[in-house]
Amino acid sequence: MVNIGNEWDAILKPLFEDERYLQIRRFLISEYSQREIYPPMHDIFNAFKMTPYNSVKAVILGQDPYHEPNQAHGLCFSVKEGVKLPPSLINIYKEIKGDLGITEPMQGDLTKWAKEGILLLNTTLTVRRAQANSHSKCGWTWFTDEVIKLLSKREEPIVFILWGGNARSKKSLIDKSKHFIIESAHPSPLSAYNGFFGSKPFSKTNGFLKSIGKEPINWDLN
82 MVNIGNEWDA
92 ILKPLFEDER
102 YLQIRRFLIS
112 EYSQREIYPP
122 MHDIFNAFKM
132 TPYNSVKAVI
142 LGQDPYHEPN
152 QAHGLCFSVK
162 EGVKLPPSLI
172 NIYKEIKGDL
182 GITEPMQGDL
192 TKWAKEGILL
202 LNTTLTVRRA
212 QANSHSKCGW
222 TWFTDEVIKL
232 LSKREEPIVF
242 ILWGGNARSK
252 KSLIDKSKHF
262 IIESAHPSPL
272 SAYNGFFGSK
282 PFSKTNGFLK
292 SIGKEPINWD
302 LN
């Protein structure tokens with residue numbers, strides 16, 4: 082039914098066989114056949130394809146995919162190369178520069194981060210064109226909550242980066258005795274000045290990874 086191509090296949094098998102996922106699937110078959118839905122169907126599970134379960138060093142939680150043409154491709158906050166940078170991503174890049182001194186990239190494809198071990202997970206995995214949160218009630222929240230719980234069960238510590246109210250509401254799903262949680266305001270222009278800028282999530286992530294003997298993440302996309 083869904084072929085991810087790494088250890089996520091076995092880990093997510095019970096979810097993919099659950100009636101609640103089968104309901105999501107039926108809903109999506111109808112939606113993709115009648116409307117313009119993002120990301121493209123084959124990109125829905127890109128976060129899992131690019132970052133295998135055992136490779137996850139950090140999780141960045143987004144809300145739902147970008148809802149304008151050619152933006153969403155299955156990684157939260159990411160757009161394909163050549164696509165205009167969304168405002169939240171511009172602010173993420175500003176914070177990386179302020180935190181680590183890395184020059185702000187000109188492109189918005191975060192695939193390199195995914196391959197560095199950052200699971201770029203939206204809490205809702207699909208959306209209708211020009212209708213933010215239009216798929217937030219179709220069952221994805223159950224699915225991604227279960228994914229967060231599965232990650233929390235991992236013995237090897239993970240950094241969970243929670244930006245904004247939606248992501249921070251997932252804190253209760255994470256075992257704080259094992260994992261490192263970084264939380265702040267969302268990088269959106271509406272809230273970035275209320276605690277996102279200056280929060281230094283990138284150096285904090287690397288500081289924690291070094292403290293447990295893990296290779297730090299190379300955040301430089303240039």
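Positions 82 to 303 (my numbering) are the ones given, in order, by the sequence shown. Even glycine gets a Cβ: it sits at the ideal position worked out from N, Cα and C.
Inclusion of G220 and F108 in the CB contact set at 9 Å is warranted, their separation being smaller than that value. Secondary structure of S265 (DSSP, three-state): strand.
With contacts defined by Cβ atoms closer than 9 Å, S265 and L243 form a contacting pair.
In the structure shown, N203 falls within a strand segment according to DSSP collapsed to helix, strand and coil. Only residues of its own chain outside the window of five on either side were considered, and among them none has a CB closer than 6 Å to the CB of L93. In this structure, DSSP gives A213 a state outside helix and strand, which the three-state scheme calls coil.
Residues N151, Q152 and G189 of the same chain have their beta carbon placed closer than 7 Å to that of V164, with the five preceding and five following residues left out of the count.
Distance check between L142 and each of F278, S217 and F158 places F158 closest, using alpha-carbon atoms only.
Secondary structure note for F283: its alpha helix (DSSP H) is the uninterrupted segment P282 to S292. Contact holds between the region 183–200 and the region 124–132, because three or more Cβ pairs, one in each stretch, are under 8 Å apart.
The C-alpha of L191 is placed about 13 Å away from the C-alpha of P167. A direct Cα-Cα distance of roughly 30 Å separates L206 from L181.
Within the same chain, and ignoring the five residues on either side of D301 in sequence, the residues whose Cβ sits closer than 7 Å to its Cβ are I183. In the three-state scheme derived from DSSP, where H, G and I count as helix and E and B as strand, A139 is classed as strand. In this structure, A248 keeps its C-beta atom at 9 Å or more from the C-beta atom of H260. DSSP, read as helix, strand or coil, puts Y119 in strand. In the three-state DSSP reduction, I183 falls in the coil class, being neither helix nor strand. Annotation: the continuous beta strand (DSSP E) that includes L243 extends over V240 to W244.
Here V208 is bridged, per DSSP, to Y119. The shortest C-alpha to C-alpha distance from P282 to any of Y113, S114, P297 and P270 is the one to P297.
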